[in-house]
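Everything in the sequence shown is counted per this note's numbering, starting at 284 for the first residue and increasing by one. Glycine included, each C-beta is placed from N, C-alpha and C at the ideal position. Before any comments, here is the structure.
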Amino acid sequence: MFMKIFLFGLSVYIIFTLSLYPYIKEVTLNECIEIALQNHPELKAAEEDERKAKANYKIAQSKNKLLVNGEIKTIEFFEKEEDASGSDTVLDITGIDSDIGLFAGPTLTYNLIDPQRVGIENSTRLSIDLLKMNSVKVKKTIICNVKRSYYGYLFAKENSELMGKLVDKFKKKLQMAKALFKRGQRPILDVSKSEVDLADAKLEYEKAKNSENMMKIDLLVSMGIINDNIEFSPSSVDELPQLRFSLQELNKLAVDYYPEIQIARYIKEINKLNISAAKSARYPIVNLISSIGFFNRNIVNNDTVDDWKEIEENLKSDNWEGRLQIGITASVPLYSGGAIQANVDSSIAEYNKSIYIERNILIKMRAMIRNYFHSMNELVKQMEISKLIEDNARKHLMLAQKSYKNGIGFQLDIQDAEMAVLKAELSFIKARYDYLIMLANLSNVVGLGEEYLCIK
284 MFMKIFLFGL SVYIIFTLSL YPYIKEVTLN ECIEIALQNH PELKAAEEDE
334 RKAKANYKIA QSKNKLLVNG EIKTIEFFEK EEDASGSDTV LDITGIDSDI
384 GLFAGPTLTY NLIDPQRVGI ENSTRLSIDL LKMNSVKVKK TIICNVKRSY
434 YGYLFAKENS ELMGKLVDKF KKKLQMAKAL FKRGQRPILD VSKSEVDLAD
484 AKLEYEKAKN SENMMKIDLL VSMGIINDNI EFSPSSVDEL PQLRFSLQEL
534 NKLAVDYYPE IQIARYIKEI NKLNISAAKS ARYPIVNLIS SIGFFNRNIV
584 NNDTVDDWKE IEENLKSDNW EGRLQIGITA SVPLYSGGAI QANVDSSIAE
634 YNKSIYIERN ILIKMRAMIR NYFHSMNELV KQMEISKLIE DNARKHLMLA
684 QKSYKNGIGF QLDIQDAEMA VLKAELSFIK ARYDYLIMLA NLSNVVGLGE
734 EYLCIK
């Protein structure tokens, strides 16, 4: 409880400081995750489902406890009389052939035998575990979404910064082209080309800024924050975590920890219990019933059925006496129109369906782990190649700039060299954040945190 209050206070403090301070606050990934876990509506809804499951379990448990109701009920007393022919009457009529009494007081009911009770109770108890696992699934999904949005926002910011640097480079290039044109070293065509390049660079920069704003909103939404006017900056990631498990080991871990698999297993077990409960509906139900209260034996009889004054006289307190009654009732279904067997067949079908769903989840889980694992290995190779290309492109750019200043090279050579450097930088940055996003996805599928999956 104390930890929840502390985390809630921390999230409120962070949101408050982000919205009030004029400078841009740097926010770490862990801070974003903590805010999301305190604010996200999906997690709150999952917690309410968990509370509902606990309430349903208490309802199921109550069937094994004493039930007390206050009752007022009529009781009939039939007295057999012989008719004129000397034989008993065939049909007794209420109020004609019987006296009607009245009982008022509490009635206690205790279930002695109910074959369905145990199955229903176990099913609702497993539902609590099911919805707890669903809360874990929602929590892990929220964390994964925050990570993906966070890394996407980081890439968008760095992409925007690179595009801004490119604009500055094209501005300098335009200034150089104009200076060389004035000295007669370059034609007016170079000046025109530099102006076009600068306009294109500004357009790409505006696109990058728009993408940055969109990714910022995505990050705030993943954190469960409605206010999109908050200014903050994500912290850069210095080191890339490396996996310490093989593909086969990851598959084995996921079988035990992937929330979807756990949920499917709980559903399968619940459906199995439902089959037993449905079959148990054929067996008898036995209840112990006890009543203690006040009893009036003669409210209405053959003589007073039309005499309301005498009925009122019978209701006076002198005619009531205390009574304790104890009895046992048993009921067994004789004919249900096929409803019991249909319910059994329906439960069996649900159980078989849950088996197929579990198999399908296992197939998709292994496919996702394989794709994420191989994608991460491929992205590592892409980063190495991008770094090599960037180093070579920078060397080529330096040579192109020297040649252009000496009047040997062409402006197109500089432009191509600069674009090669930019593409290599963007390729490296994109591969880097794609790697982190793939790691977040892999962690979500396996069901374990990145700190456990990676080398410390």
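Alpha-carbon to alpha-carbon, ALA561 and PRO398: Your numbering for residue 398 matches position 115 in the sequence shown. Your numbering for residue 561 matches position 278 in the sequence shown. Cα-Cα distance, rounded: 10 angstroms.
Collapsed DSSP secondary structure at VAL520 in the structure displayed: Counting from one through the sequence shown, the residue named residue 520 turns up at place 237. In the structure shown, VAL520 sits in coil (DSSP, three-state: anything other than H, G, I, E or B).
Coil, strand or helix - LEU617 by DSSP: To locate residue 617, count along the sequence shown from 1; it is residue 334. DSSP places LEU617 in coil when its eight states are reduced to three.
Buried or exposed (CB count within 10 angstroms, at least 16 for buried), SER529: What you label residue 529 is simply residue 246 of the sequence shown in a count that begins at 1. Exposed.
Pair within 8 angstroms by beta-carbon distance, PHE453 and ILE712: Translated into positions along the sequence shown, residue 453 becomes position 170. Translated into positions along the sequence shown, residue 712 becomes position 429. No. Outside cutoff.
Buried versus exposed call for MET721 [16 or more other C-beta atoms within 10 Å across all chains shown]: Here residue 721 is taken as the residue at index 438 of the sequence shown, counted from 1. Buried, by the Cβ-count rule.
Nearest-angstrom Cα separation, counted from SER559 out to PRO567: Your numbering for residue 567 matches position 284 in the sequence shown. Your numbering for residue 559 matches position 276 in the sequence shown. When rounded, the distance between both Cα atoms is 15 angstroms.
Contact under 8 angstroms by Cβ, SER406 with LEU556: Reading the sequence shown from its first residue, position 123 is the one you call residue 406. Reading the sequence shown from its first residue, position 273 is the one you call residue 556. Closer than 8 angstroms, so yes.
CB contact flag (TYR541, VAL729, <8 angstroms): On the sequence shown, residue 541 is found 258 positions in, with the first residue counted as 1. On the sequence shown, residue 729 is found 446 positions in, with the first residue counted as 1. Against a cut-off of 8 angstroms, the Cβ pair of VAL729 and TYR541 comes out as a contact.
Ordered list of beta strand (DSSP E) runs contained in the region 501-559, each at least 3 residues: 515-517
Beta bridge counterpart(s) of GLU633 as assigned by DSSP: Position 350 of the sequence shown, counted from the start, is the residue given in the question as residue 633. DSSP output for GLU633 lists no bridge partner at all.
Presumed contact (8 angstroms Cβ cut-off) between VAL429 and ILE508, rounded CB distance: As a first step, residue 429 must be located in the sequence shown, where it is residue number 146. As a first step, residue 508 must be located in the sequence shown, where it is residue number 225. No, VAL429 and ILE508 are not in contact; Cβ-Cβ is about 11 angstroms, not under 8 angstroms.
Delimiting residues of the beta strand (DSSP E) encompassing LYS346: In the sequence shown, the residue the question calls residue 346 occupies position 63. Premise fails: LYS346 is in no beta strand (DSSP E) and is neither H nor E.
Cβ-Cβ separation, LEU445 to LEU481 (assumed contact under 8 angstroms), whole Å: For this step, residue 481 is matched to residue 198 along the sequence shown. For this step, residue 445 is matched to residue 162 along the sequence shown. Not quite, the Cβ-Cβ distance comes to about 16 angstroms (not below 8 angstroms), so this is no contact.
GLY732 - DSSP class collapsed to helix/strand/coil: Here residue 732 corresponds to residue number 449 of the sequence shown, with the count starting at 1. Three-state result, GLY732: coil.
Sufficient close CB pairs (3 or more, under 8 angstroms) joining the region 636-647 to the region 540-554: yes
Buried versus exposed, by CB contacts within 10 Å (16 or more), ALA484: Here the question's residue 484 lines up with position 201 in the sequence shown. It is buried - the Cβ of ALA484 has at least 16 other Cβ atoms within 10 Å.
Supposed close pair ASN570, TYR735 - CB separation, criterion 8 angstroms: Taking the first residue of the sequence shown as position 1, residue 570 is located at position 287. Taking the first residue of the sequence shown as position 1, residue 735 is located at position 452. In fact, because the Cβ distance is near 53 angstroms, the residues do not count as touching under 8 angstroms.
Residue from ILE546, ILE500, ILE396, GLU314 whose Cα sits closest to the Cα of LYS348: The count along the sequence shown starts at 1 and reaches residue 348 at position 65. For the residues ILE546, ILE500, ILE396, GLU314, the minimum Cα distance to LYS348 belongs to ILE396.
LEU414 burial status per 10 Å Cβ neighbour count (16 or more: buried): In the sequence shown, counting from the first residue as 1, residue 414 sits at position 131. Buried, since its Cβ has 16 or more Cβ neighbours within 10 Å.
C-beta atoms of ASP696 and ALA683 nearer than 8 angstroms: Here the question's residue 696 lines up with position 413 in the sequence shown. Here the question's residue 683 lines up with position 400 in the sequence shown. Yes, Cβ-Cβ distance for ASP696 and ALA683 is below 8 angstroms.
Rounded straight-line distance, which links the Cα of THR390 to that of ASN579: Locating residue 579 in the sequence shown gives position 296, where the first residue counts as 1. Locating residue 390 in the sequence shown gives position 107, where the first residue counts as 1. Each residue's alpha carbon lies about 16 angstroms from the other.
For SER669 and TYR687, the rounded distance between their alpha carbons: Reading the sequence shown from its first residue, position 404 is the one you call residue 687. Reading the sequence shown from its first residue, position 386 is the one you call residue 669. TYR687 and SER669: Cα-Cα distance of roughly 26 angstroms.
Rounded separation between ASN654 and ASN660 - CA only: Here residue 654 corresponds to residue number 371 of the sequence shown, with the count starting at 1. Here residue 660 corresponds to residue number 377 of the sequence shown, with the count starting at 1. Cα-Cα distance, rounded: 10 angstroms.
Distance between beta carbons of GLY610 and ILE572, contact taken as under 8 angstroms: As a working note, residue 572 is residue 289 in the sequence shown. As a working note, residue 610 is residue 327 in the sequence shown. Going by Cβ atoms, the distance from ILE572 to GLY610 rounds to 5 angstroms, so yes, they are a contact pair.
Beta-carbon proximity list for GLU441, same chain, < 6 angstroms, skipping 5 on both sides: In the sequence shown, residue 441 corresponds to position 158, counting from 1. Within the same chain, GLU441 has close Cβ partners ILE712.
Alpha carbon of GLU641 to alpha carbon of GLU543, nearest angstrom: On the sequence shown, residue 641 is found 358 positions in, with the first residue counted as 1. On the sequence shown, residue 543 is found 260 positions in, with the first residue counted as 1. The straight-line gap from Cα to Cα measures roughly 9 angstroms.
Simplified DSSP assignment, three categories, for ARG469: Mapped onto the sequence shown, residue 469 falls at position 186. Here ARG469 sits in coil by DSSP.
Span separating the alpha-carbon of GLU354 from that of LEU385: Working through the sequence shown from its first residue, we reach residue 354 at position 71. Working through the sequence shown from its first residue, we reach residue 385 at position 102. When rounded, the distance between both Cα atoms is 10 angstroms.
Other residues of its chain near GLN525: CB distance less than 7 angstroms, five sequence neighbours each side excluded: Position 242 of the sequence shown, counted from the first residue, corresponds to residue 525. For GLN525, where only same-chain residues beyond five positions count, the Cβ hits under 7 angstroms are CYS737, ILE738.
Distance between PRO517 and ASP473 (C-alpha atoms, nearest Å): The count along the sequence shown starts at 1 and reaches residue 473 at position 190. The count along the sequence shown starts at 1 and reaches residue 517 at position 234. Going by the C-alpha atoms only, they are around 40 angstroms apart.
Reduced DSSP secondary structure (H/G/I, E/B, other) of ILE396: As a working note, residue 396 is residue 113 in the sequence shown. ILE396: strand per DSSP, three-state reduction.
For ALA723 and ARG431, believed in contact at Cβ under 8 angstroms, the rounded distance: Looking up residue 431 in the sequence shown gives position 148. Looking up residue 723 in the sequence shown gives position 440. Rounded, the Cβ-Cβ distance is 6 angstroms, consistent with contact.
Cα-Cα separation, GLY447 to VAL479: Within the sequence shown, the letter at position 164 stands for residue 447. Within the sequence shown, the letter at position 196 stands for residue 479. Straight-line Cα distance between these residues: approximately 16 angstroms.
Whether ARG565 touches PRO616 by CB criterion (8 angstroms): For the purposes of this step, residue 565 is taken as residue 282 along the sequence shown, with counting starting at 1. For the purposes of this step, residue 616 is taken as residue 333 along the sequence shown, with counting starting at 1. Yes, the pair counts as a contact, with Cβ atoms nearer than the cut-off.
Top-ranked residue by Cα proximity to LEU705, from SER443, MET506, LYS335, ASN602: Counting from 1 along the sequence shown, the entry for residue 705 is found at position 422. For the residues SER443, MET506, LYS335, ASN602, the minimum Cα distance to LEU705 belongs to SER443.
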